[in-house]
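Reviewing the structure listed below.
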Amino acid sequence: MTTPHGNHMHTVDLETMKLREQVFDYARRRMNYDPPPLDGPKTISELRAIVPATVTEEGLGGIEALSLFENVLAEATISNDHPNYLSFIPCAPTEAATLFDLIVSASTIYGGSWMEGAGAVYAENQVLEWLATEAGLPEGAGGVFVQGGTLGNLSALVAARHTAKEALLAAGKEIPSRWRFACSSEAHSSLKAAARVMDVDIVPVPVNAEGRLTGQALESTLEGDWDGIFAVVATGGTTNFGIVDELHDVGTVAKAHGVWFHVDGAYGLAAMLAPSTRHLFAGVALADSFIVDPHKWLFAPFDACALVYRNPELGRITHSQHADYLDALENPDEWNPSDYAYNLTRRPRGLPLWFSLATYGVAAYRNAVEMNIQLAYKIADEIRRRPDLELVRDPELSVVVFTKKGWELADYSRWSAKLLEDGIGFVVPSSHQGIPNTRFAIVNPRTSFESLVEILDTMV
Ligand SMILES: Cc1ncc(COP(=O)(O)O)c(C=O)c1O
């Protein structure tokens, strides 16, 4: 078959088919690792020294580029799915979720509109409905999968402010000179970022001794001055400690003041699936919106955040984009995911989670999340047993934060670097109230007690 010059990039020919097999082989090799090598970053100058110019007029050819990726670039990236990747919030996709991500990539599905992506959107919406039901939201709740928790929080807050503004305008009332939202001092940094983007203020509410935002603290911080408050944000599993705010009380206070209640459950809301922690999340039923990130603790690959509204129409009114060339997509009977967040073109990024849930069933998810929680409790017991280690707080979900007696930040940094260098684990230093510590964030069902003990043993 002759290939028209310049069009060989889109032609299926022998060369493409060979490359296809090589790519599948690599994907297979990567998925077969048990576990994958942890690998680790190199400096820019190290990479400059070993990576040739790859973006060239003629191209390197796929086989060479793939080999460069596998043998040089991939080795300079940490494997988030390694069972001993315990920093930040790791990512541990199921086999089915990873496999389906390949299919999503191979299928070029436009996930922004029903007209183009009906089947995919239908499946994504089944997952969103399931999450809404688990959270206790009424029928009709729904939303969209966006790129991450940062964008999910921003989109929810923009909808909250728009709704508050429209309500004031409809009532003939004045718009406040500054808009504000309240959240705990332990809330995620993405909320500060959202406030900057929206040019609104944050009312930081102090947490109680257990690290939780309470309804009482919310009331007393605001001292009856709710002017300009368009949302209250509670966290369902803080990033640093996995602490769940008093969601029911906070939600009740927000509702009493007629204010939008948003739950940031990016990491922790997955624990509503686990029998032992489900009760902590009862208050999510009051939420006007919530987020949970499948790429954190719902075992899906990067990048996905489920954003769910109690009344999705409020999200749609806020976020729909209108233009002559989009008119064809406007149909009141159809669900266009792009309308529910600050986004337009979108990959149907909820599909890997959908496929995984459809494959294994919800019970497998409940078990996996519960296993992580029980492992966190067990390693916390081990830390309590060791006189040289000290828990900073008792774990509530699956984050375990602890200190080593006498260690300064430099000691944690030295130890952490060596752990990675030796390919044992990725556990970075963290801190609380200015005191350095380290933490295990456990979201990988393949993480074992024995390997965590082995890591503790290296803290000498
Ligand atoms: C509680 C919480 N909210 C929001 C985010 C931001 O999510 P993303 O990194 O997906 O933007 C995180 C990330 O760790 C988080 O833990």
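Those letters in the sequence shown? Residues 2 to 461, per my numbering, in order. Note that the Cβ used here is the ideal one computed from N, Cα and C, for glycine as well. Fair warning: this is a prediction, and the values are worked out from it, not measured in the lab.
Tell me which same chain residues have a C-beta within less than 7 Å of the C-beta of residue i, skipping the five on either side of it?
i: Glu-371; result: Ala-275, Pro-276, Ser-277
i: Asp-102; result: Pro-302, Pro-353
i: Tyr-378; result: Pro-396
i: Gly-229; result: Pro-177, Arg-179, Trp-180, Arg-181
i: Tyr-343; result: Leu-152, Leu-155, Ser-156, Val-159, His-320
i: Ala-369; result: Phe-300, Pro-446
i: Val-393; result: Val-402, Phe-403, Thr-404, His-433, Asn-438
i: Gly-216; result: Glu-247, Asp-250, Val-251, Thr-253, Val-254
i: Ile-110; result: Gly-118, Ala-121, Pro-349
i: Ala-66; result: Thr-55
i: Ile-51; result: Val-73
i: Leu-48; result: Ala-77
i: Arg-29; result: none
i: Ser-166; result: For clarity, residue 166 is Lys in the given sequence; the question names Ser instead. Excluding residues within five positions, the ones whose Cβ falls inside 7 Å are Ile-176.
i: Glu-130; result: Gly-143
How is residue i classed by DSSP in three states: helix, strand or coil?
i: Trp-336; result: coil
i: Val-122; result: helix
i: His-280; result: helix
i: Pro-205; result: strand
i: His-263; result: strand
i: Ser-321; result: coil
i: Tyr-268; result: coil
i: Val-234; result: strand
i: Ser-114; result: coil
i: Arg-181; result: strand
i: Leu-299; result: coil
i: Ser-290; result: strand
i: Val-13; result: coil
i: Leu-376; result: helix
i: Ala-107; result: helix
i: Ala-196; result: helix
i: Leu-214; result: coil
i: Leu-330; result: helix
i: His-6; result: Reliability fails at His-6, whose pLDDT of 49 lies under 50, so the model's placement of it is uncertain and the value that follows must be treated cautiously. Residue state, collapsed to three classes: coil.
i: Ala-307; result: strand
i: Pro-353; result: helix
Go through its chain and collect everything with a Cβ distance to residue i's Cβ below 8 Å, but skip five positions before and after it.
i: Thr-99; result: Met-32, Pro-302, Pro-353
i: Leu-390; result: Ile-384, Phe-403, Thr-404, Lys-405, Lys-406, Leu-457, Met-460
i: Ser-186; result: Pro-205, Val-206, Pro-207, Val-208
i: Tyr-341; result: Gly-143, Gly-144, Val-145, Ser-156, Leu-308, Tyr-310, Pro-313, Gly-316, Arg-317, His-320
i: Gly-212; result: Glu-187, Thr-239, Phe-242, Ile-244, Arg-394
i: Ala-37; result: A small fix is needed here, since residue 37 is Pro in this sequence, not Ala. Arg-31, Ser-80, Asp-82, His-83.
Note down, in chain order, each residue of its chain lying with its Cβ closer than 6 Å to the Cβ of residue i, except the 5 sequence neighbours on either side.
i: Asp-304; result: Gln-148, Gly-149, His-296
i: Pro-289; result: Before going further, note that residue 289 is Asp rather than Pro in the sequence given. Excluding positions up to five away in sequence, the list reads Trp-261, Phe-262, Arg-311.
i: Leu-358; result: none
i: Cys-306; result: Val-147, Gly-149, Gly-150, Gly-153, Ile-292, Asp-294
i: Thr-222; result: Val-206
i: Leu-1; result: No answer is possible for residue 1: it lies beyond the span of the chain, which begins at 2 and ends at 461.
i: Ile-443; result: Asn-373, Leu-376, Ala-377, Ser-399
i: Val-128; result: Gly-351, Leu-354, Trp-355
i: Ile-203; result: Ala-196
Using a C-beta cutoff of 8 Å, does residue i count as contacting chain B?
i: Leu-345; result: Reference to chain B is not applicable here, since this structure consists of a single protein chain.
Would the C-beta of residue i count as close to ligand 2, meaning under 7 Å from any of its heavy atoms?
i: Thr-240; result: Ligand 2 is not part of the structure shown, which contains ligand 1 as its ligands.
Per the contact definition of three or more C-beta pairs closer than 8 Å, is the segment 107-124 in contact with the segment 248-268? Output reads no: the segment 107-124 does not touch the segment 248-268.
Segments of 4+ residues assigned as alpha helix (DSSP H) that fall wholly inside the segment 20-91: 45-51, 63-69
Inspect the CB distances between the segment 231-247 and the segment 415-428 and report whether three or more fall short of 8 Å. no
Can you list the alpha helix (DSSP H) stretches of 4 or more residues lying completely in the segment 385-460, in chain order? 410-422, 450-458
Should the segment 71-86 be called in touch with the segment 436-447, which here means at least 3 C-beta pairs below 8 Å? yes
So within the segment 142-183, which uninterrupted alpha helix (DSSP H) runs reach at least 4 residues, ignoring any that extend past its ends? 150-171
Does the segment 121-134 come within contact of the segment 323-342, defined as at least 3 CB pairs closer than 8 Å? yes
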